[in-house]
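What the sequence shown shows, in numbering that gives the first Met the number 0, is residues 0 to 159, in sequence order.
Structure record follows, encoded as structure tokens.
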Amino acid sequence: MSDPIRVLFVCLGNICRSPTAEGVFRRYLEDHGLSARVAVDSCGTGNWHVGSAPDERARKAAAGRGVDIGHLRARQFQPEDLEAFHYILTMDRQNLADIRDVWMQQGGTEPRLFLDYLPDNPVSEVPDPYYGGDDGFDHVLDLIHQASEGLLADIRAHLD
Ligand code: 4NP
């Protein structure tokens, strides 16, 4: 079988939004029998939480929807990721600007906003829930679920 399509989700700390997206999208792939054809990873633009498990609030919110992200560990974005991944999807515009700076210098896969895959997109960013309450994490999950549908459709179109 051909090499998998590789998808990288990017946020700031890699302990809230992007590991949630990684876990949810991996689940979508499993549910659609595509695990062997699409690989998923996540990272943060910052290095503060490297090696840490996802934030407990993110773990609980994901578990509430049947997705376990407790085994994931944070890592920082590396310039080589622009060569290694076919989709580089950031949670907000600041993440996008940070990755885009590197992309402008060295090329590779052009990063874009994950919520570009949200149908009839009224929102363009997954808001950072780190300093907010628990409901922020549910909102993050809602957005990630909706955008995952669009992303899956796009990937399937490339696979067929
Ligand atoms: P994330 O959330 O980018 O969704 O993982 C954050 C986690 C930690 C911090 C900021 C955002 N922080 O400033 O430590």
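Even glycine gets a Cβ: it sits at the ideal position worked out from N, Cα and C.
The ligand 4NP has no heavy atom closer than 8 Å to the beta-carbon of Pro110. Tyr130 is classed as exposed because its beta carbon has fewer than 16 other beta carbons within 10 Å across all chains shown. By the beta-carbon neighbour count (other beta carbons within 10 angstroms, threshold 16), Val23 is buried.
The distance from the Cβ of Pro128 to that of Cys42 is about 18 Å, inconsistent with a contact at the 8 Å cut-off. The beta carbon of Phe8 is closer than 7 Å to those of Ser17, Ala20, Glu21, Ser41, Leu88 and Phe113 in its chain, skipping five residues each way along the sequence. Under the DSSP assignment, Tyr116 falls outside any beta strand (DSSP E); it carries neither an H nor an E label. A distance below 8 Å between beta-carbons, with the five flanking residues on each side excluded, links Arg56 to the following residues of its chain, in chain order: Cys15, Pro128, Asp133 and Phe136. Three or more Cβ pairs closer than 8 Å define a contact, and the stretch 73–93 meets that threshold against the stretch 114–126. In this structure, Leu158 sits near Leu33, with a CB-CB distance shorter than 9 Å. For Gly43, the beta-bridge partners assigned by DSSP are Cys10 and Gln75.
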